[in-house]
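Numbering (our numbering), first residue to last: 26 to 428.
Structure, rendered in structure tokens:
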């Protein structure tokens, strides 16, 4: 503005080149209300995006669906603050100059926002797992580390040296622990072999294999306990017997048989003249010097109560009550003995030419038969109905082979 200079009159103030008309009071009020209304709508539009304690908008979001199972909805409630009247307004509901008009009932605006739909994911098919390539161990699975134990096979384990055999009757004779034992089997081992097998007893006192047999060694000598069933010192021949067995043995020095008699229990030292056991062949009608079992030593021990015989039944004499039996299970010699039989002996149940086992006692220098049974196979040897006397399990039993 210009300064007043003493002695000069002041310059009048400058004026605008146009005049601004001041609106009427009512027009100002209407303009203010319109401006507030526009601001309110803009605020409601952007208000839900503003968070914090200073936000005038309150969001009410229900957390669960209604009982009727309807989908939950998001409800936004906006409470508008009270608006004051413009300055200088008058009239009903308006304050005097310098006062603020308060809206008693604030406007409530409800905005419904539908809950977003959750996309349904379709299951994705997965490729089946690829098994690793098989290995040799897979093709041959390992057995159970702890399988159930197999039951023990029947029978008693027996080991001994084969002294002779008879392929025709499927029989072989073994020195087992010094005892002469008769064993029936489906196949027979060669003399000179040391075998191990399991055996079961048969009804006539002989044995049969119950399990597989194995050869564990080859023997050239054998120490045997037996009973002399036949002796011929001049020929150097002695027959050693047990139940179902009569084995001819050659004594190179006849003097070794001095004092040896029929019915004497002896300890004999034998040499097995079988250099090639696998090619051994039993021959019939041989000279005693050609026998495969050679006697090296023999020592009488005692007089036996019973004498065992085994061989081919040569003849039957019902009129005189006598039978004649070859004393050789192997069929190599033809020496025989005569046995008196009881009056109830069933002559018609037995036939000449078949192999039999016999047990006899010496009474007044005569051999009396007390037991008799077939020896031409396991089935016959194990059938008490086809045996007689002690071989059938009773002193008074009598039977035959049914022919």
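Just so it is clear, CB atoms sit at the ideal spot from N, CA and C, and this is done for glycine as well.
Would residue i be called buried (16 or more neighbouring beta carbons within 10 Å of its own) or exposed?
i: residue 297; result: buried
i: residue 398; result: buried
i: residue 278; result: exposed
i: residue 115; result: Unreliable placement is indicated for residue 115, whose pLDDT of 46 sits below 50; no coordinate value is reported for it.
i: residue 182; result: exposed
i: residue 391; result: exposed
i: residue 50; result: exposed
i: residue 376; result: exposed
i: residue 2; result: This structure cannot speak to residue 2, because the chain is shown only from 26 to 428.
i: residue 245; result: exposed
i: residue 378; result: exposed
i: residue 58; result: exposed
i: residue 52; result: exposed
Could you round the C-beta distance between residue i and residue j to whole angstroms and report it? I think they count as a contact, below 8 Å.
i: residue 220; j: residue 239; result: 7 Å
i: residue 350; j: residue 372; result: About 14 Å separates the two Cβ atoms, so there is no contact after all.
i: residue 323; j: residue 362; result: That pair is no contact at about 20 Å.
i: residue 191; j: residue 356; result: 7 Å
i: residue 250; j: residue 203; result: 5 Å
i: residue 409; j: residue 400; result: Wrong, their Cβ atoms sit about 14 Å apart, outside the cutoff.
From the options, pick the residue whose C-alpha is nearest to that of residue i; which is it?
i: residue 360; options: 262, 214, 251; result: 262
i: residue 258; options: 326, 283, 418, 250; result: 283
i: residue 225; options: 217, 234, 218; result: 234
i: residue 270; options: 294, 314, 383; result: 383
i: residue 187; options: 326, 210, 214, 260; result: 214
i: residue 406; options: 369, 268, 292, 329; result: 268
i: residue 344; options: 368, 329, 228; result: 368
i: residue 385; options: 179, 330, 404, 65; result: 330
i: residue 288; options: 67, 319, 328; result: 328
i: residue 413; options: 191, 228, 69, 184; result: 228
i: residue 332; options: 237, 387, 54, 60; result: 387
Mapping the DSSP letters down to three states, classify residue i as helix, strand or coil.
i: residue 411; result: helix
i: residue 373; result: helix
i: residue 257; result: strand
i: residue 49; result: coil
i: residue 279; result: helix
i: residue 318; result: strand
i: residue 327; result: strand
i: residue 237; result: coil
i: residue 222; result: strand
i: residue 227; result: coil
Does the separation of the CB atoms of residue i and residue j fall below 8 Å?
i: residue 252; j: residue 285; result: no
i: residue 352; j: residue 255; result: yes
i: residue 208; j: residue 273; result: no
i: residue 380; j: residue 194; result: yes
i: residue 394; j: residue 366; result: yes
i: residue 216; j: residue 275; result: no
i: residue 320; j: residue 280; result: no
i: residue 354; j: residue 335; result: yes
Taking only beta-carbon atoms, is residue i less than 8 Å away from chain B?
i: residue 293; result: Protein chains in the displayed structure number just one, and chain B is not present.
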